[in-house]
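Novice: Residue numbers (the numbering used here), protein chains in the order written: chain A, 1 to 399; chain B, 1 to 255.
Okay, here's the structure, questions in a sec.
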Amino acid sequence: MLTPNPRHEEGLFYLLAAIGGLVSAIGLAAALYMEHSGHVVTGMNNQIVWGLPHVFAIFLIVAASGVLNVASMGSVFGRVLYKSRAPLSGLLALAMISGGLAIIMLDLGRADRLMVAATHFNPTSVFGWNVILYPVFYGLVAVYLWTMMERRMNPYSKAAGLATFVWRVVLTSGTGSIFAFLVARQAYGSALLAPMFIIMSFSWGLAVFIVVQATMYAWNGMTLPPLILQRLKNLLATFVAAVLYFTIILHLVNAYFAKNIAFEYFILFDSEFTVAFWLGQVLIGSLLPLALLFHPATRTKALWVNLAALLVIVGAYYQLHVFIIGGQAFPLDIFPGYNVKSSFFDGAVDSYSASLPEILLAVGGLGIAFTMTTIGVRVLHFLPQDDLAELEAAGGITD
Amino acid sequence: MTAPQIPDSNPRRAFIAAAGAGVAGLGFTVIAPGLHLMAVGQANAAEARKAGTVASPAVRWGLLIDANKCAPGCTKCIDACHTENGISEKLPDARQNSQWIRKIELVDRRNGRKTELPMMCQHCANPPCVDVCPTGASMKRADGIVLVDRHTCIGCRYCMMACPYKARSFVHAPLTQQNPEVPRGQGCVESCTLCVHRVDKGQQPACVESCPEGAMTFGDLNDPASAIAKRIASVPTTQVRADLRLNQGVRYEGI
């Protein structure tokens with residue numbers, strides 16, 4: 001096995017942590033600039049009110065709860081294979097939700113009033129629910145990590161894992177419900193969105209986990225046992241297929257409703273989002289990964305499985321871009337049966353291109369998640385170590 | 001067969017509130033909402049609201065707009081609104097400018113009939129913007145006027161996602177030349193206030209007063225003797241997107 005040069009390795013760690021810190025700091029500076037100048041310096045407007053920062057933030061938040069699934073399978077469902085991966089899964093969950101929430105909060109028109117969100121609670125608001133859901137998620141994952149990493153607390157790890165699993169299901173339902181509870185826009189307002197976001201989180205979270213795990217193994221000169229790779233890739237393929245299934249059903253049902261035909265036609269066949277949908281979401285994010293994960297020539301090779309996981313992450317970006325930006329770009333149907341126009345761009349398809357500050361803010365969120373992960377895996381013991389004999393005995397890789 | 005009666009109160013809202021309180025109860029004690037508006041007197045629609053008294057739920061302020069009278073190309077109501085509320089910014093990207101009221105040109109797809117009408121916050125009885133606001137900054141006053149509390153709006157724009165009428169604007173840039181009676185704020189969401197500062201003084205909204213055609217009628221929908229209530233009782237009127245059952249305070253005739 002390859003033994004890395006410790007000095008070289010340490011230098012590389014500091015370099016990565018510095019890059020992550022710098023990207024985060026630039027994101028913060030961009031947010032301050034937006035706060036000072038106003039959102040006039042962004043590409044967002046009065047029709048497309050949520051833009052690139054929200055695409056990145058929602059990806060991070062959804063994937064954060066999904067990456068925790070790896071831990072849940074170990075603690076809650078007793079799979080030995082996943083138990084050794086539970087601490088890394090918990091760390092990634094905390095890192096990504098931190099990045100996602102930082103973006104959302106710093107994009108607020110009045111980020112300085114964040115405390116108001118904590119002291120004024122509106123029970124009818126899904127956003128309001130999230131003010132509770134996210135901090136509790138933080139707390140539960142932290143306790144769960146503690147029960148896993150502190151030997152004396154190990155007996156409580158299953159209970160903590162179960163509580164975390166239940167909470168993450170509620171949390172992701174809450175994220176999907178942000179859009180489900182919208183009566184105004186044709187892209188949203190479907191109960192399907194809550195379970196769909198959960199399955200999206202399974203897929204995206206596992207994809208992130210596979211990529212991070214591969215990086216850590218490569219860093220330490222280790223190779224992932226082929227049987228473990230096989231289990232992870234089978235699971236990823238199942239989740240990717242499930243997301244595709246939900247996508248098809250959502251669009252099929254929506255397209256049947258006469259009032260939504262124009263919107264579906266817009267997204268699927270006649271807009272700047274059409275290519276993003278078919279090429280980005282369907283081909284790159286779903287079909288190509290599935291082909292790589294199932295084809296006999298690629299499915300047993302770590303390189304191709306990792307590439308498939310990367311493609312799933314790229315596809316997730318396109319999916320959220322089409323869903324969030326595309327859903328707002330299509331005009332509201334305020335007067336069904338009429339062609340309308342106004343100085344406020346009623347009836348007009350809007351277009352959106354992110355400005356530099358909002359790109360930097362969005363990437364800054366990724367930087368926060370990256371930095372937390374890099375420092376976490378360096379300082380604490382997060383590298384999954386498998387006892388193959390124990391795995392075989394538990395049947396963890398044969399069932 | 002008779003259609004089922006739809007109550008004015010919104011069961012959707014009650015349901016979401018119960019679900020939300022349930023979620024809150026899982027981890028926290030629910031924090032008290034920031035603002036309570038209590039009725040302690042009967043406001044007279046014809047008089048100014050006395051200092052120190054609160055808005056009355058006995059009143060439901062509303063607006064009836066006759067699209068048949070709305071003159072093509074006329075923007076007097078918009079100009080009056082902008083002057084009254086200190087809306088003067090002209091940003092390079094017009095889509096980022098605030099528009100509390102706008103003229104919409106409609107063409108009926110079936111017969112090509114053209115109509116123009118002013119569109120603004122519809123002051124729903126069951127406003128989605130109020131439901132979704134995380135801090136309760138988006139609120140409905142006891143007399144039916146939907147407002148944004150400038151002090152508790154955090155600028156998340158969720159209300160803009162929820163409004164079916166595109167009635168809300170986000171203040172994208174620093175403001176100047178504000179009207180002291182109409183505080184606005186960068187980073188906050190805003191919309192038509194029905195000129196609440198004028199209504200509280202017993203005056204009409206600026207748009208109503210400015211219309212040369214008399215196309216807009218303002219008054220108390222709950223008062224059968226008011227001009228607006230009489231008109232609504234005597235001619236067919238429309239609530240925009242009535243299918244959403246939001247029970248708007250702004251009604252239209254001629255569409």
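Beta carbons: idealized from backbone N, C-alpha and C, even for Gly.
#1: Could you round the C-beta distance between Leu192(A) and Phe179(A) to whole angstroms and report it? I think they count as a contact, below 8 angstroms.
#2: Give the residues of chain B in contact with Arg113(A), contact being defined as C-beta atoms less than 7 angstroms apart.
#3: Would you list the one or two residues that DSSP bridges to Tyr252(B)?
#4: Looking only at its own chain, which residues have a Cβ that is under 6 angstroms from the Cβ of Leu133(A), when we skip the five neighbours before and after it?
#5: By the 10 Å Cβ neighbour count, where 16 or more other Cβ atoms means buried, how is Ala233(B) classified, buried or exposed?
#6: Going along chain A in order, which residues have a C-beta closer than 8 angstroms to the C-beta of Cys163(B)?
#7: Between the C-alpha atoms of Ala108(A) and Val235(B), what's the straight-line distance to the nearest angstrom?
#8: Could you tell me which chain B residues have their CB closer than 7 angstroms to the CB of Tyr265(A), listed as they occur along the chain?
#9: With a threshold of 8 angstroms between beta carbons, is Leu108(A) in contact with chain B?
#10: Measuring alpha carbon to alpha carbon, tell me which residue in Asn126(B), Leu117(B) and Asp93(B) is nearest Val171(B).
#11: Straight-line CA distance for Ala309(A) to Cys124(B)?
#12: Write down the C-beta distance between Phe345(A) and Phe263(A) rounded to the nearest angstrom, noting that I regard them as a contact closer than 8 angstroms.
#13: Please classify Leu246(B): does DSSP put it in a helix, a strand, or coil?
#14: Span of the beta strand (DSSP E) holding Thr115(B)?
#15: For a minimum of 3 consecutive residues, which ranges assigned as the beta strand (DSSP E) are wholly contained in the stretch 314-345 of chain A?
#16: What is the DSSP secondary structure of Met139(B), reduced to helix, strand or coil?
#17: Going by the CB atoms, is the gap between Gly365(A) and Ala102(A) shorter than 8 angstroms?
#18: Report yes if the C-beta distance between Leu182(A) and Gly176(A) is below 8 angstroms; otherwise report no.
#19: Which first and last residues belong to the alpha helix (DSSP H) in which Asp223(B) is found?
#20: Which chain A residues are close to Gly136(B), counting only those with a beta carbon under 7 angstroms from its beta carbon?
#21: CB Ser75(A) to CB Lys83(A), shorter than 8 angstroms?
#22: From the DSSP secondary-structure annotation, give me the bridge partner or partners of Ser190(A).
#23: Give me the Cα-Cα distance between Ser355(A) and Ile104(B), rounded to the nearest whole angstrom.
#24: Looking only at DSSP bridge pairs, what is Leu81(A) linked to?
#25: Between the stretch 47-76 of chain A and chain B, which residues of the former have a C-beta closer than 9 angstroms to a C-beta of the latter?
#26: Can you tell me whether DSSP reads Asp387(A) as helix, strand or coil?
#27: By the three-class DSSP mapping on this structure, what secondary structure does Leu106(B) have?
#28: Could you please tell me which residues of the stretch 85-103 of chain B, in chain order, have their CB closer than 7 angstroms to any CB of chain A?
#29: Under the rule that 16 or more other beta-carbon atoms within 10 Å means buried, what is Thr152(B), buried or exposed?
#30: Exposed or buried, Ile261(A), counting other C-beta atoms within 10 Å across all chains shown (16 or more means buried)?
Specialist: Judging by the given coordinates:
#1: Taking the first residue of the first sequence as position 1, residue 192(A) is located at position 192. Taking the first residue of the first sequence as position 1, residue 179(A) is located at position 179. Their Cβ separation, rounded to whole angstroms, is 10 angstroms, which puts Leu192(A) and Phe179(A) out of contact at 8 angstroms.
#2: Here residue 113(A) is taken as the residue at index 113 of the first sequence, counted from 1. Per Cβ cutoff of 7 angstroms: Ile154.
#3: Residue numbering aside, residue 252(B) sits at position 252 when the second sequence is read from its first letter. According to DSSP, Tyr252(B) bridges with Ile65(B) and Thr238(B).
#4: By 1-based counting over the first sequence, the position of residue 133(A) is 133. Taken in chain order, the residues that qualify are Leu171 and Gly174.
#5: As a position in the second sequence, residue 233(B) is number 233, starting the count at 1. Burial check for Ala233(B): the Cβ neighbour count within 10 Å stays below 16, so the residue is exposed.
#6: Your numbering for residue 163(B) matches position 163 in the second sequence. Against chain A, the beta carbon of Cys163(B) has neighbours under 8 angstroms at Ala184, listed in chain order.
#7: In the first sequence, residue 108(A) corresponds to position 108, counting from 1. In the second sequence, residue 235(B) corresponds to position 235, counting from 1. The question names Ala, but residue 108(A) is Leu in the sequence shown. Within the model, the alpha-carbon separation for Leu108(A) versus Val235(B) is close to 45 angstroms.
#8: Locating residue 265(A) in the first sequence gives position 265, counting from the first residue. Those within 7 angstroms of Tyr265(A) in chain B number zero; the least Cβ separation is about 16 angstroms.
#9: Here residue 108(A) refers to the residue found at position 108 when the first sequence is read from its first residue. With its beta carbon less than 8 angstroms from one in chain B, Leu108(A) belongs to the interface.
#10: As a position in the second sequence, residue 171(B) is number 171, starting the count at 1. Per the Cα distances, Asp93(B).
#11: One-based indexing of the first sequence puts residue 309(A) at position 309. One-based indexing of the second sequence puts residue 124(B) at position 124. Ala309(A) and Cys124(B): Cα-Cα distance of roughly 47 angstroms.
#12: Residue mapping note: residue 345(A) aligns to position 345 of the first sequence, counting from 1. Residue mapping note: residue 263(A) aligns to position 263 of the first sequence, counting from 1. No, Phe345(A) and Phe263(A) are not in contact; Cβ-Cβ is about 17 angstroms, not under 8 angstroms.
#13: The residue labelled residue 246(B) in the question sits at position 246 within the second sequence. In the structure shown, Leu246(B) sits in coil (DSSP, three-state: anything other than H, G, I, E or B).
#14: The sequence position of residue 115(B) within the second sequence is 115, counting from 1. It spans Lys114 to Met120 - the beta strand (DSSP E) in which Thr115(B) sits, taken as one unbroken run.
#15: Runs found: 338-342.
#16: For this step, residue 139(B) is matched to residue 139 along the second sequence. In this structure, DSSP gives Met139(B) an extended state, which the three-state scheme calls strand.
#17: Walking along the first sequence from the start, residue 102(A) turns up at place 102. Walking along the first sequence from the start, residue 365(A) turns up at place 365. The answer is yes: Cβ separation under 8 angstroms.
#18: Start at 1 with the first residue of the first sequence, and residue 182(A) comes out as number 182. Start at 1 with the first residue of the first sequence, and residue 176(A) comes out as number 176. No, the Cβ-Cβ distance between Leu182(A) and Gly176(A) is not below 8 angstroms.
#19: Position 223 of the second sequence holds residue 223(B). Element bounds for Asp223(B): n/a, residue is neither H nor E.
#20: Here residue 136(B) refers to the residue found at position 136 of the second sequence. Result: His120 and Asn122.
#21: Residue 75(A) sits at position 75 when you count from the first residue of the first sequence. Residue 83(A) sits at position 83 when you count from the first residue of the first sequence. At the C-beta level, Ser75(A) and Lys83(A) come within 8 angstroms of one another.
#22: Taking the first residue of the first sequence as 1, we reach residue 190(A) at position 190. Listed as beta-bridge partners of Ser190(A) by DSSP are no residues whatsoever.
#23: Position 355 of the first sequence holds residue 355(A). Position 104 of the second sequence holds residue 104(B). A direct Cα-to-Cα measurement between Ser355(A) and Ile104(B) gives close to 30 angstroms.
#24: For the purposes of this step, residue 81(A) is taken as residue 81 along the first sequence, with counting starting at 1. According to DSSP, which records beta bridges pairwise, Leu81(A) is partnered with nothing at all.
#25: Going along the stretch 47-76 of chain A in chain order, one finds Gln47, Ile48, Val49 and Trp50 with a Cβ nearer than 9 angstroms to chain B.
#26: Indexing the first sequence from 1 puts residue 387(A) at position 387. Residue state, collapsed to three classes: coil.
#27: Here residue 106(B) refers to the residue found at position 106 when the second sequence is read from its first residue. Correct three-state label for Leu106(B): strand.
#28: Listed by position along the chain: Leu91, Asp93, Arg95, Gln96, Gln99, Arg102 and Lys103.
#29: For the purposes of this step, residue 152(B) is taken as the residue at position 152 of the second sequence. A buried status is given to Thr152(B), since no fewer than 16 other beta-carbon atoms sit within 10 Å of its beta-carbon.
#30: Working through the first sequence from its first residue, we reach residue 261(A) at position 261. Under this definition Ile261(A) is an exposed residue.
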